[in-house]
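Participant: Please read through the structure below; I'll follow up with questions.
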Amino acid sequence: MIRKSILILLAIFLFGCTEQSGIFTPEPEGSITKFSDDTHGTYASTYEPLPSEETVIRNATVFDGNGNKFQNYDVHFANGEIKEVGRDLIVGDIKEIDGTGKFVTPGIIDNHSHMGVYPAPGVRTSSDGNEATSPVTAEVWAEHSVWVQDPQYKLALAGGITTFHVLPGSANLFGGRGVTLKNISANTVPEMKFPGAPHSLKMACGENPKRVYSSRGPSTRMGNVAGYRKAWIGAENHRERLERDPSHRDLQNETLVGVLDGEILVHNHCYRADEMATMINIGEEFGYKVSTFHHGVEAYKVADLLADEGVCAALWADWWGFKHEAYDMTIANIAIVDQARDGTGCAIVHSDSASGIQRLNQEAAKALAAGRKAGFDISEGRAMTWITKNPAKSLGILDQTGTLEQGKDADIVIWSGNPFSIYSKAEKVFIDGALAFDKATNFMPHTDFDIGVKEWEDK
Amino acid sequence: MKYIKYLLLLSFLVAADADDMIVIKNGNVFVDGEGFVKKDILVDEGKILLVEDMIGNVGASTIINAQGKYVMPGLIVFSQLGLLEIGALSETNDSSSDIYNAGFDPTSAYNPFSQAVRLNRSKGVTSTVHVPGASGYFRGLLGFTKINDGYKQKKQGPLGLVTRYGQSRNDSRAAELMFMEDLFALTRGRADEKKGYESDNIQFFFGTNNEYKFTKRDFDAISKVLNKEIPLVVEVNKATDILNVIKFGQTQNIDLVLWGAHEAHMVADEIARAGISVVLDPLDNIPGSFDSLNATYENVTRLDDAGVEMAFYYSQGAGSHNAYLAHQSAGNAVAMGLDYNEAIRAITSNPASIFGLVDVGSVAPGYDADLAIWDGDPLELMSNVETVLIDGKVEDLSNRYEELTKRYTEDRDKPNSYRSR
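Each protein sequence line maps, in turn, to chains A and B. Numbering-wise, the first sequence is residues 0 to 458 according to numbering that gives the first Met the number 0. Numbering-wise, the second sequence is residues 0 to 420 according to numbering that gives the first Met the number 0.
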């Protein structure tokens with residue numbers, strides 16, 4: 000346990016940082032910027048959904064991911080898309096699943112994962128999450144580290160995860176580009192890439208960069224901020240040069256200019272409230288918005304500011320104390336962020352953990368309970384948005400997934416009971432309408448790593 | 000028997016003043032062997048006096064109405080609570096030692112005013128088993144402390160000597176076994192030759208770079224294992240390693256407890272036959288190392304089927320700071336198929352029985368009144384702890400997290416620095 004704690008601490012130090020930048024203004028839903036695959040170039044998604052069957056789930060309790068909880072509802076999907084959500088739906092002669100006593104939610108989305116870049120087993124030879132060789136490595140892409148055989152994906156799938164965002168670590172001021180993946184095992188990374196999902200840029204505040212680079216700098220928080228600003232000035236210069244010399248290539252600045260052009264979303268690992276405010280100022284100085292602050296243990300202290308600026312906060316329910324900037328915790332953090340400015344805040348439960356990603360519903364339950372204890376009137380439906388709609392919004396994929404609405408990807412989880420109960424399990428998980436996991440028949444993907452290595456198989 | 004107790008109670012009531020007695024009425028009380036049943040509890044002088052169907056008010060000064068509530072033993076967690084305030088700041092970390100290893104007992108470093116202690120108390124924890132983290136060959140000795148408010152805490156221990164086996168060491172597993180055999184033989188020899196043992200304070204060094212150092216204090220701790228005063232607690236995951244450890248324990252004629260034990264389910268029958276208990280986190284299902292390739296959620300159910308006694312800790316996320324989440328580990332174990340009452344025991348009475356703790360971990364007459372009263376099923380994450388008693392005293396459950404919450408949700412017309420503290 001001791002060794003484990005140390006490993007966990009190391010993991011947090013090494014890669015516990017998320018950033019999110021905001022292309023998002025607090026605009027009404029549905030008007031979120033539509034992203035192109037331009038920034039992905041030749042690395043664009045080649046994802047193809049698994050074969051699926053037109054299906055209706057009957058008579059379930061349905062969380063739509065939009066804040067609602069409906070009793071005795073049906074969910075109809077075909078050709079990978081949601082057709083209709085409602086009561087007593089009239090459909091043709093298609094597959095029916097009895098949802099009586101079951102709960103249905105959108106596929107769960109984790110916008111902070113290091114699966115693939117810190118795969119299991121955790122050995123040096125596949126520890127590929129942190130290019131900790133320079134404080135600015137905006138040029139690296141997490142997708143070029145992802146190991147498609149990581150045996151952790153299916154464990155997350157059993158917890159209802161249909162989409163996850165893989166970020167580089169937090170050693171650097173600019174850690175590189177993150178990538179959004181469908182939770183589908185494949186032999187190449189592009190086959191897992193969420194079609195049309197924008198890249199992210201991972202940035203990190205505070206203790207990590209200044210500790211990792213203490214000898215060469217930055218070694219202080221003010222050094223960190225100077226480092227961000229210098230890099231953005233470099234990006235502005237690069238953009239000017241492109242006007243004269245459009246064919247000029249500069250990997251680092253291509254990522255940064257992608258942010259300034261609104262095509263890449265900033266995901267910013269930042270624990271302290273005062274630093275979040277500073278990072279928002281830097282965005283104003285250079286003309287970009289932070290999409291999401293990650294880890295923000297102190298987000299509740301600037302909840303109004305985050306709501307005003309339309310910045311999401313991706314948070315743990317209860318992690319704290321592993322470093323100084325994670326000391327001022329409250330388990331009501333997520334609820335306070337959510338309820339800021341008359342409930343216009345954007346709160347997200349994230350994992351940053353291959354263990355936590357398996358139970359994001361339980362993490363949401365703890366955050367909901369703490370919010371209610373703090374006096375907020377928060378419904379289960381609202382809390383469900385923390386692990387569905389809001390992370391989808393944060394990743395720029397809300398027009399495709401995150402809620403159960405007509406025309407969206409049929410990313411759906413059927414739970415054995417209320418997902419806010421510790422005793423409930425994901426029973427069936429559909430990705431683009433295809434059954435990807437079925438607890439009853441032990442149907443799940445197995446990566447090559449699982450083959451032969453195991454002396455013992457799950458029952 | 001019952002009637003003798005009532006006679007005793009009657010004589011007690013006549014003789015003593017009932018002012019500081021507490022009655023907890025109408026709660027669903029967790030009773031060993033029965034599960035949650037409707038009972039009243041009479042507490043006096045820090046002890047549970049009676050657990051019966053109907054206890055009157057008997058002149059008690061405090062009556063707690065637990066109608067609809069769940070009363071269970073306070074959680075006994077395995078943690079660095081009170082030894083570690085901020086993980087990354089070594090100046091706030093007293094859970095490790097470079098000077099001593101086997102002989103290192105962190106108990107005296109315990110800080111009752113740690114914010115982590117306050118949080119965990121408010122979440123239904125009443126005591127902690129101190130998990131040591133010495134940097135030498137052994138981790139050190141397990142201690143035990145109640146986590147009540149104030150300067151004085153009841154302590155027990157040492158409870159066990161912690162070491163590790165497997166890939167966590169650099170040398171071959173074979174060499175590690177040889178070293179343990181040699182070290183134990185040396186310790187026995189020193190104990191036999193009283194003279195040398197008493198007089199020297201010489202440090203013995205082992206390892207290719209003399210990295211392993213042993214002082215008299217360290218040898219004394221190893222002797223406690225050899226004398227069967229305490230078990231050797233071995234952090235080990237790989238199934239074949241577990242078999243080696245069991246064999247080693249039998250050859251050395253010592254008591255063992257397994258810790259971590261990700262692949263224990265593969266050798267569950269062997270563990271059961273050797274009468275060895277296991278301390279683990281049911282949530283450890285990731286093949287996170289080559290020693291844990293067969294990690295699975297089914298570890299607990301398979302060990303339980305084989306009849307192995309288990310205690311649970313929570314090692315995910317923030318670890319020790321949230322040691323109370325052992326109840327989340329236990330709840331998930333139930334979701335995986337473990338019997339509900341067994342899961343409760345794994346975070347209350349089993350830690351006590353595995354490590355020989357006296358008078359804690361159960362709601363029964365004669366036990367310390369270390370109790371938590373929950374507003375719902377204690378394994379559900381949306382249930383709240385309402386009242387905690389440690390040694391019969393109703394504890395202050397205030398904590399920094401709720402104080403910070405208030406600061407940012409109340410009195411918001413004032414500048415935040417001038418709000419409540």
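The beta carbon of each residue, even a glycine, is placed where N, CA and C say it ideally should be. Everything numeric in this text was worked out from a predicted model, so none of it was measured.
For chain B, find out if any of its Cβ atoms is closer than 8 Å to the Cβ of A:Thr343; answer yes or no.
Facilitator: Position 344 of the first sequence, counted from the start, is the residue given in the question as residue 343 of chain A. False, the Cβ-Cβ gap to chain B never drops below 8 Å.
Participant: Return the residues of the region 299–320 of chain A that lie within a Cβ-Cβ distance of less than 8 Å from chain B, sorted by chain order.
Facilitator: Listed by position along the chain: Tyr299, Lys300, Ala302, Trp315, Asp317, Trp318, Trp319, Gly320.
Participant: Could you work out which residue in B:Asn321, B:Asn293, B:Ala351, B:Thr408 is closest to B:Met309 when comparing CA atoms only?
Facilitator: Here residue 309 of chain B corresponds to residue number 310 of the second sequence, with the count starting at 1. Of the listed residues, the one whose Cα sits closest to B:Met309 is B:Ala351.
Participant: Listed from N- to C-terminal order along the chain, which residues in the region 414–426 of chain A have their beta-carbon within a distance smaller than 8 Å of any beta-carbon of chain B?
Facilitator: Under the 8 Å Cβ criterion, the region 414–426 of chain A contributes Phe419, Ser420, Ile421, Tyr422, Ser423, Lys424.
Participant: Ignore the nearest five residues each way along the sequence and tell me which others in B:Asn243's own chain have a CB closer than 8 Å to its CB.
Facilitator: The residue you call residue 243 of chain B lines up with position 244 of the second sequence. Once the five neighbours on either side are set aside, the close Cβ partners of B:Asn243 are Tyr164, Arg172, Leu176.
Participant: For the region 325–357 of chain B, list every residue whose C-beta sits within 8 Å of some C-beta in chain A, in sequence order.
Facilitator: Here the close residues are Gln327, Gly330, Asn331, Val333, Ala334.
Participant: Tell me the DSSP bridge mates of B:Phe205?
Facilitator: As a position in the second sequence, residue 205 of chain B is number 206, starting the count at 1. Paired residues: B:Tyr211.
Participant: Find the nearest neighbour of B:Asn284 within the set A:Glu283, A:Ser199, A:Lys153, judged by alpha-carbon distance.
Facilitator: One-based indexing of the second sequence puts residue 284 of chain B at position 285. It is A:Lys153 whose Cα lies nearest to the Cα of B:Asn284.
Participant: Between the beta-carbon of B:Ala332 and the beta-carbon of B:Ala322, is there less than 8 Å?
Facilitator: To locate residue 332 of chain B, count along the second sequence from 1; it is residue 333. To locate residue 322 of chain B, count along the second sequence from 1; it is residue 323. No. Outside cutoff.
Participant: Write down the C-beta distance between A:Ala488 and A:Leu259 rounded to the nearest angstrom, noting that I regard them as a contact closer than 8 Å.
Facilitator: In the structure as shown, chain A starts at 0 and stops at 458, and residue 488 of chain A therefore has no counterpart that could be examined.
Participant: For A:Arg371, tell me which candidate among B:Val235, B:Glu401, B:Thr127, B:Gly391 has the shortest Cα-Cα distance.
Facilitator: Locating residue 371 of chain A in the first sequence gives position 372, counting from the first residue. Out of B:Val235, B:Glu401, B:Thr127, B:Gly391, B:Glu401 has the C-alpha closest to the C-alpha of A:Arg371.
Participant: In this structure, does DSSP put A:Gln498 in helix, strand or coil?
Facilitator: Coverage of chain A is limited to positions 0 through 458, which leaves residue 498 of chain A absent and any answer about it impossible.
Participant: Roughly how many angstroms lie between the CA atoms of A:Ile107 and A:Phe436, to the nearest whole one?
Facilitator: Stepping through the first sequence from its first residue, residue 107 of chain A is reached at position 108. Stepping through the first sequence from its first residue, residue 436 of chain A is reached at position 437. Taking the straight line joining both Cα atoms gives about 13 Å.
Participant: What residue range does the alpha helix (DSSP H) around A:Tyr470 cover?
Facilitator: This structure cannot speak to residue 470 of chain A, because chain A is shown only from 0 to 458.
Participant: For B:Ile241 and B:Val266, what's the separation of their Cα atoms in angstroms?
Facilitator: Residue 241 of chain B sits at position 242 when you count from the first residue of the second sequence. Residue 266 of chain B sits at position 267 when you count from the first residue of the second sequence. Computed Cα separation, rounded: 8 Å.
Participant: Considering only residues of the same chain and omitting the five flanking positions on each side of A:Ala302, which have a CB-CB separation below 7 Å?
Facilitator: The residue you call residue 302 of chain A lines up with position 303 of the first sequence. Cβ within range, chain order: Ile335, Val336, Ala339, Gly344.
Participant: Quick check on DSSP: helix, strand or coil for B:Leu350?
Facilitator: For the purposes of this step, residue 350 of chain B is taken as residue 351 along the second sequence, with counting starting at 1. Note on identity: in this sequence residue 350 of chain B is Pro, with Leu being the wrong assignment. B:Pro350 falls in the helix class under three-state DSSP.
Participant: Under a Cβ-count criterion, where at least 16 other Cβ atoms within 10 Å of its own Cβ denotes burial, should B:Phe103 be classed as buried or exposed?
Facilitator: Residue 103 of chain B sits at position 104 when you count from the first residue of the second sequence. The residue in question, B:Phe103, is buried, as its Cβ has 16 or more Cβ neighbours within 10 Å.
Participant: Taking only beta-carbon positions, decide if A:Thr329 is within less than 8 Å of chain B.
Facilitator: Indexing the first sequence from 1 puts residue 329 of chain A at position 330. For A:Thr329, the answer is yes, since a Cβ of chain B falls inside 8 Å of its Cβ.
Participant: For A:Glu262 and A:Asp398, what's the separation of their Cα atoms in angstroms?
Facilitator: Residue numbering aside, residue 262 of chain A sits at position 263 when the first sequence is read from its first letter. Residue numbering aside, residue 398 of chain A sits at position 399 when the first sequence is read from its first letter. Each residue's alpha carbon lies about 16 Å from the other.
Participant: Give me the DSSP bridge partner(s) of B:Ser126.
Facilitator: To locate residue 126 of chain B, count along the second sequence from 1; it is residue 127. B:Ser126 pairs with B:Ile75, B:Lys145.
Participant: Is it the case that the CB of A:His198 approaches a heavy atom of the ligand ATP more closely than 7 Å?
Facilitator: This structure simply doesn't include the ligand ATP, nor any ligand for that matter.
Participant: When we look at the beta-carbon of A:Thr162 and count the other beta-carbons within 10 Å, is it buried (16 or more) or exposed?
Facilitator: Residue numbering aside, residue 162 of chain A sits at position 163 when the first sequence is read from its first letter. With 16 or more other Cβ atoms within 10 Å, it is buried.
Participant: For the candidate residues B:Asn119, B:Ala101, B:Gln114, B:Leu82, whose alpha-carbon lies nearest to that of B:His129?
Facilitator: By one-based count along the second sequence, residue 129 of chain B stands at place 130. The option with the nearest alpha carbon to B:His129 is B:Leu82.
Participant: Please identify, using Cβ separations under 8 Å, the residues of the region 24–49 of chain B that lie next to chain A, in order along the chain.
Facilitator: Correct list: empty, as no residue qualifies.
Participant: Select from A:Arg243, A:Pro150, A:Ile89, A:Tyr72 the residue whose C-alpha is nearest the C-alpha of A:Met443.
Facilitator: The residue you call residue 443 of chain A lines up with position 444 of the first sequence. Comparing Cα positions, the closest option is A:Pro150.
Participant: Specify, as a first and last residue, the run of the beta strand (DSSP E) that A:Thr60 falls within.
Facilitator: Walking along the first sequence from the start, residue 60 of chain A turns up at place 61. Counting along the chain, the beta strand (DSSP E) containing A:Thr60 begins and ends at 54–62.
Participant: Does the contact criterion of 3 or more C-beta pairs under 8 Å hold for the region 86–102 of chain B versus the region 128–147 of chain B?
Facilitator: Enough Cβ pairs lie closer than 8 Å, so yes.
Participant: Whose C-alpha, out of A:Asn252, A:Lys229, A:Ala230, is nearest the C-alpha of A:Arg240?
Facilitator: Looking up residue 240 of chain A in the first sequence gives position 241. Here the closest residue by C-alpha is A:Asn252.
Participant: Is A:Val116 closer than 8 Å to A:Gly128 when the C-beta atoms are compared?
Facilitator: Reading the first sequence from its first residue, position 129 is the one you call residue 128 of chain A. Reading the first sequence from its first residue, position 117 is the one you call residue 116 of chain A. Yes, they are a contact pair.
Participant: Do you know offhand how far A:Tyr422's Cα is from A:Val61's?
Facilitator: Indexing the first sequence from 1 puts residue 422 of chain A at position 423. Indexing the first sequence from 1 puts residue 61 of chain A at position 62. Their backbone Cα atoms lie some 18 Å apart in a straight line.
Participant: Kindly list, in the order they appear in chain C, the residues whose Cβ is closer than 8 Å to that of A:Gly355.
Facilitator: The structure shown has no chain C; the protein chains it does contain are A and B.
Participant: Measuring CB to CB, does B:Ala220 end up less than 8 Å from B:Leu182?
Facilitator: The count along the second sequence starts at 1 and reaches residue 220 of chain B at position 221. The count along the second sequence starts at 1 and reaches residue 182 of chain B at position 183. No; because the gap between Cβ atoms is not below 8 Å, this pair is not in contact.
Participant: For A:Gly342, which of helix, strand or coil comes out of DSSP?
Facilitator: The residue you call residue 342 of chain A lines up with position 343 of the first sequence. In this structure, A:Gly342 counts as helix in the three-state DSSP scheme.
Participant: Answer with yes or no whether the minimum CB distance from A:Tyr326 to chain B is below 8 Å.
Facilitator: Position 327 of the first sequence holds residue 326 of chain A. Taking Cβ atoms only, chain B reaches closer than 8 Å to A:Tyr326, which makes this a yes.
Participant: Going by the beta-carbon positions, is the gap between A:Asn171 and A:Pro217 smaller than 8 Å?
Facilitator: Looking up residue 171 of chain A in the first sequence gives position 172. Looking up residue 217 of chain A in the first sequence gives position 218. Against a cut-off of 8 Å, the Cβ pair of A:Pro217 and A:Asn171 comes out as no contact.
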